[in-house]
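Colleague:
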Amino acid sequence: MSKTSTHIVDYGLGNLLSISRALEAVGSGATLSDSGDALLAAERIILPGVGAFPVAIDALEDRGLISVLRLAARQGIPILGLCLGMQLLFDGSEEFGYTSGLGLIHGRVERIVRLPESGALRSTHTAWRKLEWEENVTKSLHIKGGNPGSLYFVHSFFAKPIDSSDIWATVDYGGLKVPAVVGKLNVWGFQFHPEKSREAGLRLLESFVRQT
Amino acid sequence: MDHRNLQEAVITTENARHVRLAARLDVKGPSLIKGIQFEGLRILGSPKNFAKSYYAQGVDELIYIDHVASLYDRSPSGELLSEVLREVFIPVTVGGGIRSVEDARGLLRAGADKVALNTAATRNPRLITELAETFGSQCIVASIEAKQRGPGSWEALFEAGRQSTGLDVVEWAEEVVSRGAGEILLTSIDKDGLERGFDLDLIREVGRVSQVPLVASGGMGKYEDAYEILRETTADALAVGSAAHYGRITFDGLRRGLIREAFAVRPFE
């Protein structure tokens, strides 16, 4: 199989249509795929995800995709996880008990609990936020001119990388510093939904497609 | 007032709750409809055109409710939905007629980000938990349609306001959250379509018990109604139907007004 375009992992969870339309809008083709061979031949892989961590891991496991994604990462194929897809990249999550993840970025996923400041009261973080980029971030996914604009977040769990250099950008949620962009070698994650974040999100997706 | 001042107003309220603005599209088959107190539904046009127009105005979210789906025991059409949502890159809540995990899965694949449950939830509250465990709580919106029964007392109705449940709205709101709902869409049937302002008491009472984001719906007619509900209650988001459909407000006008009143909304970019 020839190396073609962007493959979106289709494992029964996630808003695949929205993501493929967003990629279309930035001029990139996208293929929905649940085949290991196709994914390993992809130019880049997007791992979507809406839902509960253990359900997603089971769904990947059922399709034999856990080992495929680990292999793809080792082979240097750029992988971008979106929202729950980003959380799946980590060692594991506390959602409904502890479940192991893909282990591509070290750290774990925890529930948003009582917030350090009184500003935010809700356990689900639902908001449009601007990224605060870490100073020492490699620039490959960095949008020219700095901040791309507000991005849409909706999540009740957040990822905590062990190595702080894996955190590329954060947003502040009532005093809690939420990792919003993570990256390690050829693996990245966005906690927000770029496919649901108007022009700002499209520009970040475009940047990923162009620069990987 | 120029954009620079608007940006500064937002920064000073950085840690205030962020308010989201949603356009509410009530649909029947291929048409956008709107009634008053859920009655006398009028056809207003194509939901796709309204969706595109609100997206261009800078709305934060869409709420797409199929008003008759649950009456006829069918799920909303994923095909129609995916057509309405083409070129609209914002979060979308879809409700009406969702009775199972498979119904929800179909809509999520067609472009929905959240599913709203009303009838099925009141008939089978365990469905809320089942959906939350499959798709995550953030994906599950409990749609509560409230009819006032006395001072400080509201009953949750279902089947587009036709059927009585005997459920007290505030108690029901607590229950849906404990069962896993990640957001509450609270519609006042009494205020719906009248454009005379939200039901402050209703939204306030539910806001007191809700640990999840609360979307206030029903009654918005002018910009001041939005400022009032946000000052008087803990609503996290506003749903606007009639007032936008009939052109009495625009979403960029609403955003501008909210920024001027020092509410934290998505800034102009």
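Respectively, the protein sequence lines represent chains H and Z.
Per my numbering, the first sequence starts with residue -9, numbered consecutively.
Per my numbering, the second sequence starts with residue 1015, numbered consecutively.
Glycine included, C-beta positions come from ideal geometry on N, C-alpha and C.
#1: So, helix, strand or coil for Z/His1259, using DSSP?
#2: Give a yes or no on whether the minimum CB-CB distance between H/Lys167 and chain Z is below 8 Å.
#3: Kindly confirm or deny that the stretch 1052 to 1062 of chain Z and the stretch 1230 to 1239 of chain Z touch, where touching means at least three C-beta pairs closer than 8 Å.
#4: Let me know the beta strand (DSSP E) ranges lying completely inside the stretch 1094 to 1129 of chain Z, each 3 residues or longer, listed in chain order.
#5: Within 10 angstroms of the Cβ of H/Ser83, are there 16 or more other Cβ atoms? Answer buried if so, exposed if not.
#6: With a threshold of 16 other CB atoms inside 10 Å of the CB of H/Arg60, please say whether the residue is buried or exposed.
#7: Between the stretch 1032 to 1041 of chain Z and the stretch 1250 to 1258 of chain Z, do at least 3 Cβ pairs fall closer than 8 Å?
#8: Using a Cβ-Cβ cutoff of less than 8 Å, which residues in the same chain neighbour Z/Gly1180 once the five nearest sequence positions on both sides are dropped?
#9: What are the residues in the stretch 2 to 14 of chain H lying within 9 Å of chain Z by C-beta distance?
#10: My output table needs one value for Z/Ala1195: the three-state DSSP class, helix, strand or coil.
#11: I'd like the ranges of any alpha helix (DSSP H) spanning at least 4 consecutive residues and lying wholly in the stretch 5 to 71 of chain H.
#12: Name the residue from H/His115, H/Asp162, H/Ile(-2) whose alpha carbon lies nearest to the alpha carbon of H/Ser25.
#13: Measure from the C-beta of H/Trp118 to each C-beta in chain Z and report whether the shortest distance is under 8 Å.
#14: With DSSP collapsed to three states, give me the class of Z/Val1033.
#15: Please report the straight-line C-alpha distance between H/Ala62 and H/Thr89, rounded to a whole angstrom.
#16: Using a Cβ-Cβ cutoff of less than 8 Å, which residues in the same chain neighbour H/Leu121 once the five nearest sequence positions on both sides are dropped?
#17: Do you know whose CA, among Z/Val1190, Z/Glu1093, Z/Arg1245, Z/Leu1122, lies nearest Z/Arg1218's CA?
#18: Roughly how many angstroms lie between the CA atoms of Z/Ala1135 and Z/Ile1142, to the nearest whole one?
#19: Should Z/Glu1093 go down as buried or exposed, given a rule of 16 or more other Cβ atoms within 10 Å for buried?
#20: Beta carbons nearer than 7 Å to chain H: which residues of the stretch 1066 to 1080 of chain Z have them?
#21: May I have a chain-ordered list of the alpha helix (DSSP H) segments no shorter than 4 residues that lie completely inside the stretch 1183 to 1240 of chain Z?
#22: Once DSSP output is grouped into helix, strand and coil, what is the label at Z/Thr1264?
#23: What in chain H is Cβ-close to Z/Leu1122, meaning under 7 Å?
#24: Roughly how many whole angstroms lie between the Cα atoms of H/Lys150 and H/Glu124?
#25: Can you tell me the Cβ-Cβ gap for Z/Pro1227 and Z/Glu1197, rounded? I've got them flagged as a contact below 8 Å.
Modeller: Reading it off the structure:
#1: The answer is helix: DSSP assigns Z/His1259 an H, G or I state.
#2: Not flagged as an interface residue toward chain Z: H/Lys167, since no C-beta distance is shorter than 8 Å.
#3: The stretch 1052 to 1062 of chain Z, when compared against the stretch 1230 to 1239 of chain Z, does not touch it at the 8 Å Cβ threshold.
#4: With a minimum length of 3 residues, the continuous beta strand (DSSP E) runs that stay inside the stretch 1094 to 1129 of chain Z are 1106 to 1109.
#5: Looking at its Cβ environment, which holds 16 or more other Cβ atoms inside 10 Å, H/Ser83 is buried.
#6: Exposed is the label assigned to H/Arg60, since fewer than 16 other Cβ atoms lie within 10 Å of its Cβ.
#7: Yes, they touch.
#8: Short of 8 Å from the beta carbon of Z/Gly1180, and not among the five residues preceding or following it, lie these beta carbons of its own chain, in chain order: Glu1169.
#9: Cβ contacts with chain Z: Gly2, Leu3, Gly4, Asn5, Leu6, Leu7, Ser8, Arg11, Ala12.
#10: Note: Z/Ala1195 maps to coil in three-state DSSP.
#11: Complete alpha helix (DSSP H) runs here, min 4: 6 to 15, 26 to 30, 43 to 52, 55 to 64.
#12: When only C-alpha atoms are compared, the closest one is H/Ile(-2).
#13: Answer yes: the Cβ-Cβ gap between H/Trp118 and chain Z drops below 8 Å somewhere.
#14: DSSP places Z/Val1033 in coil when its eight states are reduced to three.
#15: So the two alpha carbons sit approximately 21 Å from each other.
#16: Residues Asn137, Pro138, Leu141, Ala159, Thr160, Val161, Ala170, Val171 of the same chain have their beta carbon placed closer than 8 Å to that of H/Leu121, with the five preceding and five following residues left out of the count.
#17: Ranking the options by Cα distance to Z/Arg1218, first place goes to Z/Arg1245.
#18: So the alpha carbons of these two residues sit roughly 6 Å apart.
#19: Z/Glu1093 counts as exposed, since fewer than 16 other beta carbons sit within 10 angstroms of its beta carbon.
#20: Contacts with chain H (Cβ-Cβ distance below 7 Å) from the stretch 1066 to 1080 of chain Z involve Asp1074, listed in chain order.
#21: 1183 to 1192, 1214 to 1223, all fully within the stretch 1183 to 1240 of chain Z.
#22: Coil at Z/Thr1264, not helix or strand.
#23: Within chain H, the residues near Z/Leu1122 are Asn5, Val40.
#24: Straight through space, the alpha carbons of H/Glu124 and H/Lys150 are spaced by roughly 15 Å.
#25: Contact annotation, Z/Pro1227 with Z/Glu1197: C-beta distance approximately 5 Å; criterion of less than 8 Å satisfied.
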